[in-house]
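Enquirer: The structure under discussion is supplied below as structure tokens; questions concerning it will follow.
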Amino acid sequence: MQKVSCPSCGAPVEFKSHASVMAVCGFCKTTVLKDADKVKDMGRMSDVLEDYSPIQIGTSGTYGGQEFTVIGRIQLRYPAGMWNEWYVMRSDGSGAWLSDASGQYTFTLEKKVGGSLPQFGEVRVGTLYKFFDRTFIASDVREAECIGGQGELPFKVGPGWQARLADLRCGRYFLTLDYSDSPQPTAYVGESVTLAQMKCQLLRDDDTVRDSAGELKAKVQPLSCPSCGSSVGYVPGLTRQIVCPSCRSQIDASTNVLQVLDVAERMEQLKTTLELGAKATISGAQYEMIGALRSKDDEGSVWTEYLMYNPRAGFLWLIETDEGWQRGKVMDDWPKWNRGETAVVGNQTYKKLYEYTSEVISAAGAFNWKVQAGDKARVIEFESGKNRLAAELTPEELNWTWSTPVGADQIRAWFGKEIKADKLPPKTDIEKIAKYFLWGIIGFNAIPLLLEFDRTWLVTAFAAAAVWIPAKLISWMQDKS
Ligand SMILES: [Zn+2]
Ligand SMILES: [Zn+2]
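Sequential numbering from 0 applies to the sequence shown in numbering that gives the first Met the number 0.
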């Protein structure tokens, strides 16, 4: 370890790894460059955006049989979202990266790849590539901007620094080609991991997160639209963009200061079955509806997607189409698909069903990526039994969503009173039927009732109870479920 004094404020700055080139002073945020044993002041680094990541500098764990410690971090932003690259030092002294994108973790190590590698501009999302006897599919091609940094890092980086990356995937395996420094990429290989698998220690607990953010872990928070002042719910650190439901302003939520992006091209008003802020209890967890999106396909069919958020469980989608409702989840572990007619998940084979282009018509609320009317994606849907898989392909990225049908009664049960009764197909009103039936019995018995009151009254009352009580019970059970 090497200890230097910050050239700006004099505080001690540590270099734990020999591979580190720079460090950010923990006190004054000055970027300190370790250059031939001299220390240089490179100006201030922007503060990282509070994003509720459970990882922090000092977090340790195990990967590939070696212990590691997190020693630095850069935060990056691109049109589709934000993520952290945590720089880790392994017990053999080598460096590695732990990437953290809204709770999806990938551990990667630099690796030499033989043969010729494609140029940055040549990598096309959805194209198949063969490396290390595996078939990878290009899943992401992006240019991202550094928005903040912490701790020590193996290269010179500052605000505005641009990363040029291509990600390729094969099931849970990752290959990142990094073109940031030169046209000849540096390759990093790894896989998707969980914090539990890596036996991570010294993670931030909820209390620390609350102290630094002043709020509970990634709670949905109200925000005043900087353009019209009306209240919108969003998740700080996870929300990339907000579309104000009142004035349609598009607001960038990926910096510490909210900025109105676009007031000129406002999206049209969106009327939806579920309303922004609606709460639902799904599989025992409370979710809040934070964003709604309306899209159409090439044939003009229109559907609505709702983004639901729970701090622990993350995001899920509810999809409302003419055919009914579906519940969808973005997949971490990808299906095996070689651009053919089938896609395989575990031992389940899904058959190709449709292929179409989807286009966003309108949006409202908070999203973890930048959404705009006119955004297009090529969608390939696969089916196995009642379940669906959808590959969504844009020039920048490929994503997989798994979905399963949900009955309207289930939606009603999840949302309870949060959903307006007239928005869903009406439930069978058994009490109303029973009421008509009762009037029938009374009417039918009116004459004998007048003639011989005592006995007829008893029979009629008994018959009425026999109709009314079960109807009341069924109706009560419907409300409960
Ligand atoms: Zn300092
Ligand atoms: Zn507004």
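Don't be surprised by glycine CBs; every beta carbon is placed ideally from N, CA and C.
Identify the residues that DSSP records as bridge partners of Asn386: which are they?
Expert: Within the sequence shown, numbered from 1, the residue matching residue 386 stands at position 387. Answer is Ser383.
Enquirer: Any heavy atom of ligand 1 closer than 7 Å to the beta-carbon of Cys24?
Expert: Within the sequence shown, the letter at position 25 stands for residue 24. Yes, since a heavy atom of ligand 1 falls inside the 7 Å radius drawn around the Cβ of Cys24.
Enquirer: Which residue comes first and which comes last in the alpha helix (DSSP H) that contains Ile410?
Expert: Here the question's residue 410 lines up with position 411 in the sequence shown. Ala407 to Phe414 is the extent of the alpha helix (DSSP H) around Ile410.
Enquirer: Going by DSSP in three states, Asp251 sits in which element: helix, strand or coil?
Expert: By one-based count along the sequence shown, residue 251 stands at place 252. In the structure shown, Asp251 sits in a strand (DSSP, three-state: E or B).
Enquirer: Can you tell me which residues form a DSSP beta bridge with Trp316?
Expert: Position 317 of the sequence shown, counted from the start, is the residue given in the question as residue 316. The partner list for Trp316 (beta bridge, DSSP) reads Leu306 and Gly327.
Enquirer: Using only CA atoms, which one of Asp46, Gly170 and Gly57 lies nearest to Thr105?
Expert: Within the sequence shown, numbered from 1, the residue matching residue 105 stands at position 106. The shortest Cα separation from Thr105 among Asp46, Gly170 and Gly57 belongs to Gly170.
Enquirer: Roughly how many angstroms lie between the CA atoms of Leu392 and Ala376, to the nearest whole one?
Expert: Taking the first residue of the sequence shown as 1, we reach residue 392 at position 393. Taking the first residue of the sequence shown as 1, we reach residue 376 at position 377. Answer to the nearest angstrom: the Cα atoms are 5 Å apart.
Enquirer: So Ile146 is in the beta strand (DSSP E); what residue range does that whole segment cover?
Expert: Residue 146 sits at position 147 when you count from the first residue of the sequence shown. Arg133 to Leu152 is the extent of the beta strand (DSSP E) around Ile146.
Enquirer: If Val31 and Val3 are in contact, beta carbons under 8 Å, what's the gap, nearest whole angstrom?
Expert: Reading the sequence shown from its first residue, position 32 is the one you call residue 31. Reading the sequence shown from its first residue, position 4 is the one you call residue 3. That belief holds up - the Cβ atoms of Val31 and Val3 are roughly 7 Å apart, short of 8 Å.
Enquirer: Please confirm whether any heavy atom of ligand 1 lies closer than 7 Å to the CB of Ala291.
Expert: The residue labelled residue 291 in the question sits at position 292 within the sequence shown. Not under cutoff, so the answer is no.
Enquirer: Tell me whether Ser480 sits in a helix, a strand or coil according to DSSP, three-state version.
Expert: Working through the sequence shown from its first residue, we reach residue 480 at position 481. In this prediction, Ser480 scores a pLDDT of 47, lower than 50, which makes its location untrustworthy; the coordinate-derived value is nonetheless stated afterwards. Coil.
Enquirer: What is the residue span of the beta strand (DSSP E) that Arg163 lies within?
Expert: Within the sequence shown, residue 163 is the residue found at index 164, counting from 1. Arg163 -> beta strand (DSSP E) spans Gln161 to Cys169.
Enquirer: With a threshold of 16 other CB atoms inside 10 Å of the CB of Cys243, please say whether the residue is buried or exposed.
Expert: Counting from 1 along the sequence shown, the entry for residue 243 is found at position 244. When all chains shown are included, Cys243 counts as buried.
Enquirer: Measuring only the C-alpha atoms, how far is Gly94 from Cys5?
Expert: Locating residue 94 in the sequence shown gives position 95, counting from the first residue. Locating residue 5 in the sequence shown gives position 6, counting from the first residue. Rounded to the nearest angstrom, the two C-alpha atoms are 23 Å apart.
Enquirer: Assuming Ser19 contacts Leu201 under a Cβ cut-off of 8 Å, what Cβ separation, rounded to an integer in Å, is found between them?
Expert: For this step, residue 19 is matched to residue 20 along the sequence shown. For this step, residue 201 is matched to residue 202 along the sequence shown. Not quite, the Cβ-Cβ distance comes to about 20 Å (not below 8 Å), so this is no contact.
Enquirer: Between the beta-carbon of Thr400 and the beta-carbon of Lys328, is there less than 8 Å?
Expert: Taking the first residue of the sequence shown as 1, we reach residue 400 at position 401. Taking the first residue of the sequence shown as 1, we reach residue 328 at position 329. In this structure, Lys328 lies closer than 8 Å to Thr400 by Cβ.
Enquirer: Sorted by chain position, which residues of the same chain lie with C-beta nearer than 8 Å to Pro11's C-beta, five sequence neighbours on each side aside?
Expert: Position 12 of the sequence shown holds residue 11. Taken in chain order, the residues that qualify are Lys2, Val3, Ser4 and Cys5.
Enquirer: Return the Cβ separation of Ala279 and Trp368 in integer angstroms, given the expectation that the two are a contact with Cβ distance under 8 Å.
Expert: If you number the sequence shown from 1, residue 279 lands on position 280. If you number the sequence shown from 1, residue 368 lands on position 369. At roughly 22 Å, the Cβ-Cβ gap does not stay under 8 Å, so Ala279 and Trp368 are not in contact.
Enquirer: Quick one: is the Cβ of Ala10 within less than 7 Å of any heavy atom of ligand 3?
Expert: As far as ligands go, the structure on display features ligand 1 and ligand 2 and does not contain ligand 3.
Enquirer: Give me the residue from Lys416, Val87, Asp408 and Gly384 with the minimum Cα distance to Ser402.
Expert: Here the question's residue 402 lines up with position 403 in the sequence shown. Sorting Lys416, Val87, Asp408 and Gly384 by C-alpha distance to the C-alpha of Ser402 places Gly384 at the top.
Enquirer: Considering only residues of the same chain and omitting the five flanking positions on each side of Ser482, which have a CB-CB separation below 6 Å?
Expert: Nothing can be reported for residue 482, as the shown portion of the chain is limited to 0 through 480.
Enquirer: Taking one C-beta from the stretch 138–148 and one from the stretch 214–233 each time, how about it: are there three or more such pairs within less than 8 Å?
Expert: Output reads no: the stretch 214–233 does not touch the stretch 138–148.
Enquirer: When you measure from the CB of Ser226 to every non-hydrogen atom of ligand 2, does any distance come out below 7 Å?
Expert: On the sequence shown, residue 226 is found 227 positions in, with the first residue counted as 1. Answer for Ser226: yes, Cβ within range of ligand 2.
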